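In my numbering, the protein residues as written are 15 to 177.
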């Protein structure tokens with residue numbers, strides 16, 4: 015009798031390979047937009063408890079975590095992938111992130127008042143559509159250099175160790 019080799023499971027294209035769990039909430043943003051980059055630089059200074067991991071949508075490893083989100087949708091709005099896999103976009107992303115940064119908690123609480131999120135989504139949509147124009151108008155290219163970069167803690171995506 016011959017022993018057969020152990021069966022090797024190779025995932026098909028239709029099967030999704032499970033990704034390692036995130037240690038921190040993953041915020042995806044347009045890294046080619048200086049307005050967006052400035053906002054993310056600001057978030058690094060406000061993230062006192064290091065609960066966020068910021069990654070541009072040009073990072074293919076990070077974008078894997080945004081399953082079911084089209085590339086166009088990623089360009090339209092900032093997204094946060096929560097550690098449990100839930101995804102929030104636009105104003106709801108801002109609300110989620112704000113509640114985790116002490117200085118922005120009042121903003122997050124304001125966005126929970128009934129009806130305010132609908133107004134915030136409308137404003138976000140218009141700001142997002144015009145963010146490249148806003149970058150030029152505010153001169154963000156030069157203004158962004160005023161805020162020094164803050165070192166981010168951890169490795170690439172700060173995944174929790176696999177069991």
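Every residue gets a Cβ at the ideal spot worked out from N, C-alpha and C, and that includes glycine.
Given the structure is predicted, the values throughout are model-derived calculations rather than measurements.
- With a threshold of 16 other beta carbon atoms within 10 Å, residue 51 meets it and is buried.
- Going by DSSP, residue 115 is part of no beta strand (DSSP E) at all; its letter is neither H nor E.
- By a beta-carbon distance limit of 8 Å, residue 38 contacts residue 67. Their separation comes to about 4 Å.
- Minimum Cα-Cα distance from residue 79 among the listed residues 41, 90, 55, 107 corresponds to 41.
- By the Cβ criterion, the region 86–104 is in contact with the region 139–149, since at least three pairs of Cβ atoms, one from each stretch, lie closer than 8 Å.
- A distance of 7 Å or more separates the beta carbons of residue 60 and residue 125.
- According to the DSSP assignment, residue 81 belongs to no alpha helix (DSSP H), since it is labelled neither H nor E.
- Going by DSSP, residue 40 is part of the beta strand (DSSP E) stretching over 39–43.
- In summary, residue 100 is exposed, with fewer than 16 beta-carbon neighbours lying within 10 Å of its beta-carbon over all protein chains present.
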